[in-house]
Structure formats: C-alpha cells, structure tokens
Amino acid sequence: DTGVSQNPRHKITKRGQNVTFRCDPISEHNRLYWYRQTLGQGPEFLTYFQNEAQLEKSRLLSDRFSAERPKGSFSTLEIQRTEQGDSAMYLCASSLGRNRGRGGGYTFGSGTRLTVV
Amino acid sequence: GQQVMQIPQYQHVQEGEDFTTYCNSSTTLSNIQWYKQRPGGHPVFLIQLVKSGEVKKQKRLTFQFGEAKKNSSLHITATQTTDVGTYFCAGPNTGNQFYFGTGTSLTVIP
Chain A
4 DTGVSQNPRH KITKRGQNVT FRCDPISEHN RLYWYRQTLG QGPEFLTYFQ NEAQLEKSRL
64 LSDRFSAERP KGSFSTLEIQ RTEQGDSAMY LCASSLGRNR GRGGGYTFGS GTRLTVV
Chain B
362 GQQVMQIPQY QHVQEGEDFT TYCNSSTTLS NIQWYKQRPG GHPVFLIQLV KSGEVKKQKR
422 LTFQFGEAKK NSSLHITATQ TTDVGTYFCA GPNTGNQFYF GTGTSLTVIP
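Order-wise, the sequence lines are chains A and B.
Per the numbering used here, the first sequence starts with residue 4, numbered consecutively.
Per the numbering used here, the second sequence starts with residue 362, numbered consecutively.
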C-alpha cells in the first residue's frame with residue numbers, strides 16, 4: 004500500500020483519558036500535516052512537519068495536543084485529558100512540497116475518528 | 362488570518378444538469394487547490410491552479426482561477442451520480458500550509 008496510513012480508524016475514549024494516533028505518510032513525502040474535521044466542515048489545519056521539524060502549529064492546537072515526527076517518517080498526534088469537544092475526524096496528509104509532484108497536492112489518509120464520551 | 366469561503370453550501374441537481382461552486386478569498390492567493398470528498402471518505406486532491414486567469418479541464422470538470430487570484434470556480438458539466446460529494450477549495454497561508462474552504466456538498470438526483 005503506497006498511500007497514507009492512519010491508525011486506529013476509530014477510537015472511543017472516556018473524557019479525561021489520553022489518546023494517541025499514528026500516521027504513516029507516503030515514504031518519499033517529506034511534508035506531513037495534521038488536520039481535524041468535524042461534520043459538515045472543511046478540514047482545519049492543526050500542524051505541519053517538514054522532515055522531523057515541526058514548522059507550524061495552529062492556535063487550534065492547545066497545550067493538550069502534541070505531535071511528533073521523530074525520524075522524519077511516521078508521526079503521532081497525542082491528545083491529553085480529552086474533552087467532548089475533541090470528538091472529530093483527525094486527518095493526516097503528506098506531500099512532496101508545493102512545486103514538486105502533483106503540484107504540491109496533499110494525499111490524505113482515511114483518518115482516525117475520535118469519539119469522546 | 363486567511364479565509365476561504367465557498368458558495369453555495371449545498372446544491373441538489375438532477376443528473377445531467379450542470380453544477381458550479383465558487384470559492385472566494387479575502388486575500389490574494391499564490392495558488393489554489395481543489396479537493397473532492399465522497400460521503401464517509403477523505404479529501405482527494407483534484408488540481409492546483411497557479412496563474413492568474415488560468416483555466417484547466419479534467420473531463421467534465423472545469424477549474425478557473427480569477428484574474429485577481431482571489432477567487433476560483435469549479436464547474437461540472439452534465440453531472441453524474443459519481444460526482445456526489447463535497448468539493449473543497451484550499452488556499453495557502455503565509456507558511457504555505459493550505460486552509461480549506463467551507464465546502465459545497467453536491468447531491469445528484471438520478
């Protein structure tokens with residue numbers, strides 16, 4: 004499979020618990036992005052990595068959220084002390100960069116759907 | 362911050378009718394991308410427009426980038442049931458990460 008892989012596909016957790024999601028991008032893509040999408044809305048940017056460096060974080064990414072890409076390959080997104088408002092689809096995407104391959108278009112994974120009860 | 366708005370939010374068409382969605386930015390965009398998301402699926406990249414006034418076609422889909430690079434449109438000719446989904450435009454911020462529009466949800470009635 005040469006696409007973007009996300010695990011788990013679904014996660015149900017109790018409020019206050021910590022959760023961690025994993026994203027495996029397309030291997031030759033150096034850029035990796037996390038987005039959050041709620042029903043009826045467009046994806047909202049959370050954070051961006053170029054190789055292992057986290058270059059940008061949205062103000063949506065509160066201090067309960069942390070993302071890593073330790074070796075410039077896979078990435079993890081952790082949410083601590085989950086709240087009901089964190090319920091959403093968490094999408095990971097990767098790309099080669101703006102002017103390389105497919106005009107810089109993102110390849111999205113199938114997402115992890117988080118439900119906080 | 363940069364905002365990208367789309368209209369309409371919803372569109373229902375009879376199969377065979379045409380469909381257009383419009384994307385407007387509050388700022389000039391260096392480029393714009395379009396994505397399609399099927400119900401229950403994830404966004405799939407369709408195209409990127411870079412030049413002022415650019416027009417690109419993909420079979421029944423026609424994409425335009427405005428002369429002022431602040432708006433864009435996607436037109437589908439003779440819609441089919443396979444066109445069902447939500448169409449998003451996305452524009453880059455100063456860091457060149459893309460911010461997505463609100464999307465237009467297309468329903469095609471057979």
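For every residue, glycine included, the Cβ atom is placed at its ideal position computed from N, Cα and C.
Since the structure is predicted, the reported quantities are computational estimates derived from the model, not experimental observations.
Beta-carbon separation of residue i and residue j under 9 angstroms?
{"i": "B:K431", "j": "B:T388", "result": "yes"}
{"i": "A:F48", "j": "A:S78", "result": "no"}
{"i": "B:S413", "j": "B:F424", "result": "no"}
{"i": "A:G107", "j": "B:Q375", "result": "no"}
{"i": "B:E415", "j": "B:F426", "result": "yes"}
{"i": "A:V119", "j": "A:Q83", "result": "no"}
{"i": "A:V50", "j": "A:L99", "result": "The question names Val, but residue 50 of chain A is Thr in the sequence shown. Not a contact, by the Cβ cut-off of 9 angstroms."}
{"i": "A:N54", "j": "A:R25", "result": "no"}
{"i": "B:F449", "j": "B:K397", "result": "yes"}
{"i": "A:Q20", "j": "A:G112", "result": "no"}
{"i": "A:L94", "j": "A:P46", "result": "yes"}
{"i": "B:T447", "j": "B:V469", "result": "no"}
{"i": "B:V365", "j": "B:N392", "result": "no"}
{"i": "B:T440", "j": "B:G377", "result": "yes"}
So, is the C-beta of residue i closer than 9 angstroms to a C-beta in chain B?
{"i": "A:Q57", "result": "no"}
{"i": "A:Y109", "result": "yes"}
{"i": "A:A91", "result": "no"}
{"i": "A:E71", "result": "no"}
{"i": "A:G45", "result": "yes"}
{"i": "A:R103", "result": "Caution applies to A:R103, whose pLDDT of 49 falls short of 50 and renders its modelled position unreliable; the value that the coordinates give is listed next. A:R103 does not count as touching chain B."}
{"i": "A:F77", "result": "no"}
{"i": "A:S113", "result": "yes"}
With 9 angstroms set as the bound, which would you pick, yes or no: does the beta-carbon of residue i sit closer than that to a beta-carbon of chain A?
{"i": "B:P469", "result": "Position check: residue 469 of chain B holds Val in this sequence, whereas Pro was assumed. Not one chain A Cβ lies under 9 angstroms of B:V469."}
{"i": "B:N432", "result": "no"}
{"i": "B:K372", "result": "For clarity, residue 372 of chain B is Gln in the given sequence; the question names Lys instead. It does not: the Cβ of B:Q372 has no partner Cβ on chain A nearer than 9 angstroms."}
{"i": "B:Y396", "result": "yes"}
{"i": "B:I408", "result": "yes"}
{"i": "B:G452", "result": "no"}
{"i": "B:N385", "result": "no"}
{"i": "B:T443", "result": "no"}
{"i": "B:E449", "result": "It is Phe, not Glu, that sits at residue 449 of chain B in the sequence shown. Chain A contact via Cβ: present."}
{"i": "B:Q425", "result": "no"}
{"i": "B:P404", "result": "yes"}
DSSP has residue i in a bridge; who is on the other side?
{"i": "A:A96", "result": "A:Y36, A:F111"}
{"i": "B:P453", "result": "B:F459"}
{"i": "B:V405", "result": "A:T110, B:K397"}
{"i": "A:R116", "result": "A:H13, A:M92"}
{"i": "B:Q425", "result": "B:V416, B:S434"}
{"i": "A:D27", "result": "A:S8"}
What are the start and end residues of the beta strand (DSSP E) that includes residue i?
{"i": "A:L64", "result": "No beta strand (DSSP E) holds A:L64; DSSP gives it neither H nor E."}
{"i": "A:L80", "result": "78–82"}
{"i": "B:L467", "result": "465–470"}
{"i": "B:V416", "result": "416–419"}
{"i": "B:N385", "result": "380–386"}
{"i": "B:S433", "result": "432–437"}
{"i": "A:L49", "result": "47–53"}
{"i": "B:V445", "result": "From DSSP, B:V445 is part of no beta strand (DSSP E); its letter is neither H nor E."}
Where does residue i land, buried or exposed, given buried means 16+ other C-beta within 10 angstroms?
{"i": "A:T115", "result": "buried"}
{"i": "B:D444", "result": "buried"}
{"i": "A:S30", "result": "exposed"}
{"i": "B:Q419", "result": "exposed"}
{"i": "B:A451", "result": "buried"}
{"i": "B:Y371", "result": "exposed"}
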